[in-house]
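Novice: Residue numbers (full-length UniProt numbering): 1 to 256.
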């Protein structure tokens, strides 16, 4: 039994303390990245990033130490980089599943790139490059936390504004199609249209207000727009439309 245990944890066989430490480091770093994505409520969160990082590290360990039994045999060649190349190719399937297009807006690119980076970090851990893995993890947090702040100070990048509009209108008047056209004409792209604003709990209404809303046939919709125009000018223009009862912007709410 002791001989069996020694063979299972023989460093020469690639199952020593160093290999376990490399897998553990991949687990730690990929968990940190996954936790950040989970806090941001992205489609790929804690479990996905953790499994990608640990799996990549394990593939690298197998690539380096999993073929020791056949080394030295006739007509046997050993190229560890082949397994690493297959990891890079395989991770593309996960990344491709995270990217989708809705209303001409591409979503999921950052999350897919983060999964790709987590794979590289896991490979670095499994390949015996812990300092590079740590540095890449720090770069990830620098980009996702620091760059949004940086873009607000760069005129060339901050010219594109993003805002959410809450629009109340009288149904049956065809106003929604005219609102969407006006957004486009004023240089904005409608990224998302929703009946309820995401992340905001529905407010309880006064019964009298509900009765009045039913009588007038009022409807409410939330629009997410982005563009180089002025959000305040867009709100002012939409407010003048016949059938529009109220228009508010989250920019105005933030200013208040």
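We put the CB at the ideal spot given by N, CA and C, even for glycine.
For the beta strand (DSSP E) holding residue 246, just list the boundary residues, first then last.
Specialist: As a position in the chain shown, residue 246 is number 246, starting the count at 1. First-last of the beta strand (DSSP E) with residue 246: 244-249.
Novice: Measure the C-alpha to C-alpha separation of residue 51 and residue 183 and round it to an integer number of angstroms.
Specialist: On the chain shown, position 51 is the one that residue 51 refers to. On the chain shown, position 183 is the one that residue 183 refers to. When rounded, the distance between both Cα atoms is 42 Å.
Novice: Going straight from the alpha carbon of residue 265 to that of residue 167, what length do you get?
Specialist: Any property of residue 265 remains undetermined from this structure, which presents the chain solely from 1 to 256.
Novice: Using the beta-carbon count (16 or more within 10 Å), is residue 19 buried or exposed?
Specialist: Here residue 19 refers to the residue found at position 19 when the chain shown is read from its first residue. Residue 19 should be labelled buried.
Novice: Please list the terminal residues of the continuous alpha helix (DSSP H) segment that includes residue 275.
Specialist: Nothing in the structure corresponds to residue 275, since the chain is present only between 1 and 256.
Novice: Which stretch, first to last residue, makes up the beta strand (DSSP E) that contains residue 191?
Specialist: The residue you call residue 191 lines up with position 191 of the chain shown. First-last of the beta strand (DSSP E) with residue 191: 188-194.
Novice: Among 149, 26, 96, 241, whose alpha-carbon lies nearest the alpha-carbon of residue 57?
Specialist: In the chain shown, residue 57 corresponds to position 57, counting from 1. Nearest C-alpha to residue 57: 26.
Novice: In the structure shown, what three-state DSSP assignment does residue 132 receive?
Specialist: The residue you call residue 132 lines up with position 132 of the chain shown. It is helical.
Novice: Where does the unbroken alpha helix (DSSP H) through residue 161 begin, and where does it stop?
Specialist: Here residue 161 corresponds to residue number 161 of the chain shown, with the count starting at 1. That residue, residue 161, is in no alpha helix (DSSP H); its beta strand (DSSP E) goes 161-170.
Novice: Report yes if the C-beta distance between residue 125 and residue 88 is below 9 Å; otherwise report no.
Specialist: By one-based count along the chain shown, residue 125 stands at place 125. By one-based count along the chain shown, residue 88 stands at place 88. No. Outside cutoff.
Novice: Would you mind stating whether residue 111 and residue 43 have Cβ atoms separated by less than 9 Å?
Specialist: For the purposes of this step, residue 111 is identified with residue 111 of the chain shown, where counting begins at 1. For the purposes of this step, residue 43 is identified with residue 43 of the chain shown, where counting begins at 1. Yes, these two residues count as a Cβ contact at 9 Å.
Novice: Measuring straight from C-alpha to C-alpha, what distance separates residue 95 and residue 139?
Specialist: What you label residue 95 is simply residue 95 of the chain shown in a count that begins at 1. What you label residue 139 is simply residue 139 of the chain shown in a count that begins at 1. Straight-line Cα distance between these residues: approximately 20 Å.
Novice: For residue 173, I'd like the list of residues in its chain whose CB is within less than 6 Å of its CB, leaving aside the five on either flank, ordered along the chain.
Specialist: Working through the chain shown from its first residue, we reach residue 173 at position 173. Answer for residue 173: 243, listed in chain order.
Novice: Which residue marks the beginning of the alpha helix (DSSP H) containing residue 39, and which one marks its end?
Specialist: As a first step, residue 39 is located in the chain shown; it is residue number 39 there, counting from the start. Per DSSP, residue 39 belongs to the alpha helix (DSSP H) from 17-39.
Novice: Between residue 233 and the rest of its own chain, which residues show a CB-CB distance below 8 Å, the 5 nearest in sequence each way excluded?
Specialist: In the chain shown, the residue the question calls residue 233 occupies position 233. Once the five neighbours on either side are set aside, the close Cβ partners of residue 233 are 186.
Novice: Does the beta-carbon of residue 257 have 16 or more other beta-carbons within 10 angstroms, so that it is buried, or is it exposed?
Specialist: Because the chain spans 1 through 256 in this model, residue 257 falls outside it and cannot be assessed.
Novice: Give a yes or no on whether the minimum CB-CB distance between residue 237 and chain C is below 9 Å.
Specialist: You won't find chain C in this structure, because it holds only one protein chain.
Novice: How close, in whole Å, do the beta carbons of residue 241 and residue 178 come, if the pair is a contact with beta carbons under 8 Å?
Specialist: Position 241 of the chain shown, counted from the start, is the residue given in the question as residue 241. Position 178 of the chain shown, counted from the start, is the residue given in the question as residue 178. Sure, about 6 Å apart at Cβ, within 8 Å.
Novice: Select from 181, 24, 191, 239 the residue whose C-alpha is nearest the C-alpha of residue 53.
Specialist: Taking the first residue of the chain shown as 1, we reach residue 53 at position 53. Measuring from the Cα of residue 53, the nearest candidate turns out to be 24.
Novice: To the nearest whole angstrom, what separates the beta carbons of residue 127 and residue 224, a pair I think is in contact under 8 Å?
Specialist: Within the chain shown, the letter at position 127 stands for residue 127. Within the chain shown, the letter at position 224 stands for residue 224. Their Cβ separation, rounded to whole angstroms, is 42 Å, which puts residue 127 and residue 224 out of contact at 8 Å.
Novice: Helix, strand or coil: which one does DSSP assign to residue 173?
Specialist: Counting from 1 along the chain shown, the entry for residue 173 is found at position 173. Three-state DSSP puts residue 173 in coil, outside helix and strand.
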